[in-house]
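Heads up, the thing below is written out as structure tokens.
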Amino acid sequence: MVDEIRKHAEAIYGDIVTIRRHLHKHPELSFQEYETAAFVKSQLDLLGIRWRAVANTGILAEITGELPSHTVIALRADMDALPINEQNDVPYASVHPNIMHACGHDFHTASLLGTARILTSMRSKFGGKVKLFFQPGEEVIPGGATHMIRDGVLENPKVDAVIGQHAMPHLEVGKIGIRKGKAMASMDSIFVRVIGRGGHGAQPHANVDPVVIASHIILALQQIVSRMAHPGDPTVLSFGKVIANGAINVIPNEVLMEGTFRAMNETWREEAHRRMTKMATEIAESMGGRCEFNIQRGYPFLINNEKLTDQVRQCAEEYVGADNVVEQDIWMAAEDFAYYSQQADACFYFCGVGNQKKGIGSSLHTPTFNIDESVLTLSTGLMTYIALKRLGS
Ligand SMILES: [Zn+2]
Ligand SMILES: [Zn+2]
């Protein structure tokens, strides 16, 4: 079966590259994927695949196999781009200033259309159903996945497994990165306002210095990571924005801070929220000031179902060779695929898209990110193979 799928994948490669380049050239921001969705629908129509609109700019499509079975597998691609000005000098560079497919979602969408095409031509070889999730808004909270789930994509018929893939530029093309169990982090945004009483820098005794209070808070909160988090629960707290905005001799009235909190355990996540809030507010009060501590919840952590991931790994080893399947490290970035993984058996793996010889390897979310397009024979075929194996073909 691997050989048959490979032949299909190679035959459609040129068309899928064209699709990927079209998407890359016309990126749209999160939850504004109108043209992208229209394009995907037109491609599905060409293949005779039934679809319905969900999550405003999302699409749920369905391919039914001809053999008897009730198994249902979902394959997911995200479609949104980022507010980045592309710097790649390629003929298919973004035509929209300050919008770019810098996270490879053009690749994910094109690849899933390729998989759909292969599956359609192999309908006599499998039973059950393959649901295709083309989702909006992965990059922006609350995440398009929440809208997809709200609109019932996991039900009617109920999905037995959800599979997703992501471009990984630090992995050479041809390689697949995979990890079972906890794989990616939950992500919460933290907004802190430390309120003191500003005045002349020469007379701190007459003021309440929010800069010193904020400094204590920053250091103290790290104790939550190093002294309170279970050593087995990866936890990260980073404050990337601290604004005091006084002057050499001016103590400001307040300090604003913004940071990110990441974890891989929902119970600990709640507990950490409570402890951070308590610690920050009580430190500020003990020093004569006040602290407003606001947490905006982001995505949950992403867990790859062990049994399903073992199966996916085996498929990958059969498709690309065991040497080309690597153990993926825990990654403290967040992905809204995590929402599917919290509600169904799910597996999210990484496709190497880097190529050192061709100079392709810029990080995700940078203006020079690109992929080695030859990945499209592998990515379309591997996902097809995973789906067919899961459906018992
Ligand atoms: Zn991204
Ligand atoms: Zn992404």
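No gaps in the numbering here: position 373 of the sequence shown is 373 in our numbering, and each next residue is one more. C-beta: ideal position from N, C-alpha, C; glycine also.
In this model, GLU138 and PHE239 are separated by some 23 Å (Cα to Cα). About 13 Å separates the beta carbon of PHE133 from that of ALA53, a gap too long to meet the 8 Å contact definition.
Taking the Cα positions, LEU171 is about 35 Å away from GLU155.
Taken from the Cβ of HIS170, every heavy atom of ligand 2 lies 7 Å or farther away. Going by DSSP, SER42 is part of the alpha helix (DSSP H) stretching over 34-47. For THR71, the enclosing beta strand (DSSP E) has its first and last residue at 67-78. Taking the Cα positions, THR64 is about 4 Å away from LYS129.
Taken in chain order, the whole alpha helix (DSSP H) runs of length 4 or more contained in the stretch 236-321 are 266-286 and 306-320. Judged by DSSP in its simplified three-state form, PHE126 adopts coil rather than helix or strand. Collapsing the DSSP output to three states places HIS96 in coil.
For LEU112, the enclosing alpha helix (DSSP H) begins and ends at 105-121. Within the model, the alpha-carbon separation for ARG76 versus ALA214 is close to 42 Å. Taking the CA atoms as reference points, PHE348 sits about 9 Å from LYS180. Taking non-hydrogen atoms of ligand 2 into account, the C-beta of ASP106 is found less than 7 Å away from none of them.
Taking a cut-off of 8 Å for Cβ pairs, the stretch 189-204 and the stretch 252-272 touch, as three or more such pairs fall below it. Per DSSP, the unbroken alpha helix (DSSP H) holding GLU10 starts and ends at 2-25. With at least 16 other beta carbons inside 10 angstroms of its own, ASP106 counts as buried.
Comparing alpha-carbon positions, the option among ILE16, GLY381 and ILE176 lying closest to GLU317 turns out to be ILE176. Residue pairing by DSSP puts ALA167 in a beta bridge opposite CYS351. Each residue's CA atom was taken as its position, placing LEU391 and PHE126 some 7 Å apart. In this structure, the straight-line span from the alpha carbon of HIS205 to that of SER30 is close to 49 Å. In this structure, GLU258 has its beta carbon at no less than 7 Å from each heavy atom of ligand 2.
The C-beta distance from ALA334 to ALA185 rounds to 6 Å, short enough to meet the 8 Å contact threshold. Apart from sequence neighbours up to five positions away, the residues of its chain that approach ARG313 with a beta-carbon distance below 7 Å are ILE178 and VAL325, ordered along the chain. In the three-state DSSP reduction, LEU378 falls in the helix class (H, G or I). If you check the C-beta of HIS24 against ligand 1, you find no heavy atom less than 7 Å away. In terms of Cβ geometry, MET383 and GLN135 do not form a close pair [threshold 8 Å].
Taking every protein chain shown into account, the CB of GLN222 has fewer than 16 other CB atoms within 10 angstroms, so this residue is exposed.
In the displayed model, ILE63 falls within a strand according to three-state DSSP.
Using a cutoff of 7 Å, the CB of LEU47 does not count as near ligand 1, since none of the ligand's heavy atoms is closer than that. Between the stretch 90-107 and the stretch 38-47 there are fewer than three inter-stretch CB-CB distances shorter than 8 Å, so the stretches are not counted as touching.
For the pair PRO210 and ASN245, the CB atoms are not nearer than the 8 Å cut-off. The three-state reading of DSSP puts HIS200 in strand, counting E and B together.
Taking 8 Å as the cut-off, the Cβ atoms of MET79 and PRO234 do not count as close.
The closest heavy atom of ligand 1 lies 7 Å or more from the beta carbon of CYS351. Any heavy atom of ligand 1 counts here; residues with a Cβ closer than 7 Å to one of them, in chain order, are LEU82, CYS103, GLU138, GLU139, LEU364 and HIS365.
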